[in-house]
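Here the structure is laid out as structure tokens; the discussion comes afterwards.
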Amino acid sequence: RVRGAKEVLGQVPVSCLAEEIATPGEGQIKALITVAGNPVLSTPAGHKLDEVLPSLDAMISVDLWLNETTRHADVILPGASPLEQPHHDDLILNFAINSVANYSPPVFAKPDPGAPDEWEILIRLTGLCTGTPAEDVDVAAIDNGFFDYMCFTQGLDGAEVRTHYDHGGPERTLDLTLRSGPFGDHYGQNPDGLTLDKLKAAPDGINYGHMVSRVPEVLGTTDRKIRLAPQYLLDDLPRLAGRIAREPDELVLV
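Below, the structure written as structure tokens:
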């Protein structure tokens with residue numbers, strides 16, 4: 002909005018966040034939700050973000066810690082600790098060389114069994130962001146809606162698939178992705194296929210061998226090629242060349 006920076010995969014550069022908060026006008030950011038992060042330390046020019054966060058009308062942090070960013074929050078909502086919740090490697094598989102799956106159960110029980118899990122906190126915040134009063138946010142209904150959409154992306158009927166479960170939450174979604182994936186049982190169509198219960202019974206995980214190339218299948222560019230040098234990057238090369246030609250500072254902080 003302020004400098005006209007381009008979006009990438011529907012996301013805007015976080016380096017623009019401070020100016021988007023500080024600059025008045027239509028579209029000015031006036032509220033912020035952070036989740037397990039510390040952008041004051043981890044983003045470019047974080048000191049500017051530190052200066053403008055107090056000007057927000059509302060700031061909520063879902064976090065276990067009081068840090069350089071969350072200290073500005075109006076409220077901090079802590080979920081369970083990492084050792085009090087189950088884990089399944091997901092994003093890390095983008096860098097894997099083998100098709101693997103694993104599941105780790107919680108090490109400890111939550112001290113307060115009635116305390117909401119992080120996913121429940123996030124769903125409630127989702128409802129609040131739509132303008133729904135706090136007392137009217139239906140966590141189960143929103144969870145079911147998300148699950149039904151996930152089913153839709155796999156060509157499945159969400160209402161029918163939900164009959165296989167007596168619970169909601171991320172483990173239900175994980176079971177869906179495992180069962181509808183290339184190694185899954187597809188809800189009985191492939192009886193020997195993968196399910197979350199089978200994964201839980203394999204504490205060392207399951208290795209399905211080397212990854213299979215899918216680049217031609219997933220490319221969405223019109224010419225079916227990977228664009229390594231899009232024009233907007235080429236247009237910025239003179240600025241990069243100028244930076245390289247600049248004399249380096251004599252003092253370097255490491």
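Residues are numbered in the numbering used here as their position in the sequence shown, beginning at 1, plus a constant of 1. Glycine included, C-beta positions come from ideal geometry on N, C-alpha and C.
query                                                                                                                             : result
Nonlocal neighbours in the same chain, by C-beta distance under 7 Å from residue 6, ignoring five residues either side            : 13, 14 and 17
Residue of 10, 98, 39 and 4 minimising C-alpha distance to residue 214                                                            : 98
Any 3 or more C-beta pairs closer than 8 Å across the stretch 231 to 247 and the stretch 122 to 130                               : no
Buried versus exposed, by CB contacts within 10 Å (16 or more), residue 251                                                       : exposed
For residue 103, the nearest candidate out of 200, 246, 223 and 216 (CA to CA)                                                    : 200
Residues that residue 33 bridges to, as DSSP identifies them                                                                      : 60
Given residue 109 as reference, the closest of 82, 161 and 141 once Cα atoms are compared                                         : 82
Neighbour-count burial assignment, residue 130, 16 or more Cβ in a 10 Å radius                                                    : exposed
Beta-bridge pairing of residue 95 - partner residues as DSSP gives them                                                           : Residue 95 pairs with nothing; no bridge assigned.
Residue 80 - DSSP class collapsed to helix/strand/coil                                                                            : coil
Chain-order list of residues whose beta-carbon lies under 8 Å from that of residue 208 (same chain, five-residue window excluded) : 99, 100 and 101
The alpha helix (DSSP H) enclosing residue 145, as first and last residue numbers                                                 : 140 to 154
For residue 86, the nearest candidate out of 71, 96, 116 and 69 (CA to CA)                                                        : 116
Residue 60 burial status per 10 Å Cβ neighbour count (16 or more: buried)                                                         : buried
Within 8 Å, strictly: CB atoms of residue 144 and residue 169                                                                     : yes
Extent of the continuous beta strand (DSSP E) to which residue 128 belongs                                                        : Counting along the chain, residue 128 falls outside any beta strand (DSSP E), though it belongs to the alpha helix (DSSP H) covering 119 to 130.
Environment of residue 229 [buried if 16+ CB atoms lie within 10 Å]                                                               : exposed
Residue interval of the alpha helix (DSSP H) (run including residue 48)                                                           : 47 to 53
Boundaries (first-last residue) of the alpha helix (DSSP H) holding residue 170                                                   : Careful: residue 170 lies outside any alpha helix (DSSP H) and carries neither H nor E.
Residue from 255, 183, 55 and 202 with nearest C-alpha to residue 22                                                              : 55
Euclidean distance between Cα positions of residue 242 and residue 46                                                             : 22 Å
Bridge partner(s) assigned by DSSP for residue 12                                                                                 : 9
Given residue 76 as reference, the closest of 248, 48 and 32 once Cα atoms are compared                                           : 32
Inter-residue Cα distance where the pair is residue 187 and residue 89                                                            : 20 Å
DSSP three-state assignment for residue 213, whether helix, strand or coil                                                        : coil
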